[in-house]
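Everything below concerns the one structure shown next.
Numbering (our numbering), first residue to last: 10 to 806.
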């Protein structure tokens with residue numbers, strides 16, 4: 010691909026230009042000649058960038074004097090992840106892939122022997138950043154200067170590359186989520202890309218924003234401004250690079266171990282620059298990011314990630330479609346990897362190592378595998394089988410805390426709590442005192458990945474952290490079906506920005522229980538045998554607020570409940586902005602969907618209280634079946650405490666209709682004109698008010714749209730009695746047309762409903778004696794009589 014070149018003003022104070030990039034062999038030679046080459050963050054040298062063509066050359070290269078490994082083998086052995094800014098997702102034709110060297114792009118993406126993550130052209134196009142820095146930032150700052158020169162004063166630009174760099178360095182954090190559920194990216198010879206469903210040899214992901222575009226732009230602006238302001242305060246600050254950090258790195262050279270991307274690791278004190286590409290600390294995992302054009306990328310890298318401790322990392326930045334090779338945040342003092350075979354050794358030596366391997370640890374009875382207070386950036390690897398001695402005590406069996414910590418496991422490893430020694434059917438409600446399993450308290454800006462956990466005595470994860478990502482964790486308590494109890498998988502409290510993705514759980518209590526916290530997501534989960542996906546219980550603690558929660562794309566099977574919100578009787582608190590989306594249920598034995606405000610452990614009172622407000626709740630495509638003696642939907646709210654709920658595509662069948670349903674908020678939609686629409690309007694007599702849009706009716710008496718109604722609502726829209734009336738011909742309602750001449754018109758009424766809500770389910774059509782008057786066999790309406798405007802349709806959708 011073309012190198013990154015651009016015209017600089019004559020008064021340029023930052024003369025380093027990415028004017029050319031060598032091939033991978035010359036790059037290795039350049040590294041050998043000068044220890045400063047490639048150290049962008051503190052030396053400002055951008056000349057050593059790797060572009061996509063050179064990555065393609067590297068993959069095709071044989072072994073050489075720097076390494077006996079081929080380029081393909083070298084990448085497989087040394088590179089953790091390739092992060093690419095390019096393409097469009099799930100498919101498209103984007104310039105970074107087709108614009109310069111489409112064949113090289115296809116070669117790299119289609120043959121790369123390792124994990125890849127993609128940041129598409131759509132991701133940063135409307136995330137704007139930079140203007141605030143030009144107004145508020147120090148004029149000596151190079152990022153400020155770059156924006157002024159190439160964009161203009163107080164003008165932002167799209168943030169493709171900053172977002173990609175942010176992910177390459179900091180992972181998902183609170184900025185991103187993975188948008189795909191498997192599959193892989195395929196690049197065609199002309200540069201088009203398509204996300205294909207079959208599984209690749211190595212994991213592939215593409216990103217979407219977790220926050221709004223405005224919030225993302227504000228976060229980037231904060232990083233620019235914060236680091237530029239702090240850098241300006243340093244004494245003797247040079248325009249393009251900080252001598253302060255340069256001197257620190259020179260002192261660090263004596264003790265820092267290096268890894269050559271292009272050569273074998275011979276010694277932890279090996280001199281800098283003998284490899285094909287660039288030198289790294291031994292403990293550092295390497296990421297490679299591929300960018301599109303970003304004119305001030307050099308300055309961005311210099312300052313914008315100072316906040317993330319990147320001034321101690323080696324980085325190579327490049328060109329149009331260029332590559333960034335970046336180390337994760339590290340300490341200046343070099344520390345070796347450590348392998349511990351006892352809990353005592355791990356506890357005493359945990360702060361002397363950057364990578365901790367726990368090999369076949371046998372934790373003594375009554376003791377915690379104590380990994381609290383780890384140094385920033387530590388990686389913890391469980392290897393072999395981790396087991397625990399038996400003692401009746403409260404635990405925890407494992408505790409980990411720190412910042413930027415990575416907890417993972419080696420292939421084939423397992424952590425076995427052997428909970429059967431404690432299980433007595435009573436859980437935490439009596440009997441033996443059982444230890445909780447894993448405390449993730451103050452485990453901030455960190456990740457837990459791929460753990461395989463078996464047979465927890467009681468609760469699995471207790472989470473009280475900020476910015477924690479838990480990915481692809483399995484908790485298998487299936488052996489406790491008879492005697493296991495209170496084996497919650499993930500209990501979340503007093504936490505923010507928790508992301509649990511791809512969890513597989515077999516247990517005997519909540520798969521997820523969120524007692525307090527905000528900005529929490531649970532997605533792509535599988536929950537078997539427990540109590541389902543729960544908000545709560547909320548109330549009775551020091552922190553009783555749950556807000557901004559999304560639980561989505563998950564399955565709940567063979568469990569007591571599907572999804573539920575439970576608040577404590579006679580307590581206070583708040584539950585707001587909670588979304589249950591795309592949840593599939595099967596084999597539910599008690600309640601498919603339940604909201605109860607009378608919760609007391611083991612013995613609900615049956616009388617709801619209204620001290621905890623449950624508002625702005627969305628149930629979207631919660632579908633499935635319950636057992637015949639279970640209840641489809643059960644709502645028990647306090648008077649006036651449940652408000653602003655939205656139901657869409659909820660269909661839970663197979664069980665009983667609840668005989669008790671109190672204070673249920675009516676389904677609603679907010680229209681573009683700000684109106685809230687709750688229930689059917691004027692479907693039973695002369696109209697008295699200006700009419701509105703037909704929505705679903707209730708099982709109680711219908712009322713005019715401007716009057717309150719506290720009756721129960723049936724979530725399945727086509728079970729509304731007005732539709733039974735129309736399809737079955739029972740004449741339950743008088744004939745009044747609300748939108749025309751005050752004469753009710755059956756075809757029009759059904760046409761309104763169909764245009765707004767879609768066709769009735771097949772079983773409803775089959776049951777209706779008059780269905781054929783209105784619908785074809787596949788649910789299409791016979792009549793083109795619907796006067797509902799586009800605005801009306803938008804209101805409902």
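Heads up, the beta-carbon is just placed ideally off N, CA and C, and yes, glycines get one too.
Beta-carbon proximity list for residue i, same chain, < 8 Å, skipping 5 on both sides
i	result
residue 368	348, 349, 350, 392, 393
residue 263	Any answer about residue 263 is weak, because its pLDDT of 29 lies below 50 and its placement is not dependable; what the coordinates show is given next. Around residue 263: no qualifying Cβ.
residue 113	10, 61, 62, 64, 65
residue 301	Because residue 301 sits at a pLDDT of 30, beneath the cut-off of 50, its placement in the model cannot be relied upon, and the following sentence gives the value as read from the coordinates. So the list reads 94, 95, 104, 105, 130, 169, 170, 329, 330, once near-sequence residues are dropped.
residue 204	98, 99, 100, 189, 192, 193, 194, 195, 215
residue 208	191, 192, 193
residue 20	In this prediction, residue 20 has a pLDDT of 48, which is less than 50 and means its spatial position is unreliable; nothing more can be read from the coordinates.
Cβ pair residue i, residue j closer than 7 Å
i	j	result
residue 458	residue 446	no
residue 381	residue 410	yes
residue 436	residue 481	no
residue 116	residue 79	no
residue 519	residue 551	no
residue 655	residue 624	no
residue 885	residue 639	The structure shown does not extend to residue 885, since the chain spans only 10 to 806, so no value can be given for it.
residue 184	residue 219	yes
residue 490	residue 513	no
residue 109	residue 139	no
residue 558	residue 608	no
residue 478	residue 456	yes
Minimum C-alpha distance to residue i - residue among the options
i	options	result
residue 569	559, 582, 598	598
residue 90	127, 73, 143	127
residue 353	231, 122, 372	372
residue 234	143, 207, 646	143
residue 125	131, 113, 666, 193	193
residue 499	594, 413, 534	534
residue 81	97, 122, 102	122
residue 402	772, 377, 636	377
residue 450	379, 442, 219	379
residue 93	132, 452, 532	132
residue 604	547, 237, 229, 530	547
residue 475	557, 503, 346	503
residue 153	383, 653, 418, 230	230
residue 585	575, 637, 417	575
residue 524	626, 508, 539, 545	545
residue 626	600, 587, 779, 162	587
residue 145	418, 155, 163, 549	163
residue 202	176, 111, 237	111
Residue i - containing alpha helix (DSSP H), residue span
i	result
residue 485	Unbroken run through residue 485 is the beta strand (DSSP E), 483-485; no alpha helix (DSSP H).
residue 818	Residue numbering for the chain in the displayed model covers 10 to 806; residue 818 lies beyond these limits and cannot be assessed.
residue 239	222-242
residue 69	61-69
residue 107	104-107
residue 114	111-120
Extent of the continuous beta strand (DSSP E) run through residue i
i	result
residue 204	202-205
residue 85	Not the beta strand (DSSP E): residue 85 falls in the alpha helix (DSSP H), residues 80-87.
residue 431	Premise fails: residue 431 is in no beta strand (DSSP E) and is neither H nor E.
6 Å CB neighbourhood of residue i in its chain, flanking five on each side removed
i	result
residue 222	135, 136
residue 647	606, 617, 618, 619
residue 493	432, 486, 517
residue 788	768
residue 589	560, 572, 628, 631
residue 521	499, 531, 542
residue 388	364, 415
residue 225	136, 218
residue 682	At residue 682, the pLDDT of 48 sits below 50, so the modelled position is not reliable and the matter cannot be decided from this model.
Same chain, Cβ closer than 7 Å to residue i, neighbours up to 5 away in sequence not counted
i	result
residue 595	566, 633, 634
residue 662	634, 641
residue 786	none
residue 423	394, 461, 463
query: Three or more beta-carbon pairs under 8 Å between the stretch 574-582 and the stretch 619-637, yes or no?
result: Yes, they touch.
message: Below 8 Å, how does it come out for the stretch 181-190 and the stretch 103-114: are there three or more Cβ pairs, yes or no?
response: In this structure the stretch 181-190 does not lie against the stretch 103-114, because fewer than three pairs of beta carbons, one per stretch, are closer than 8 Å.
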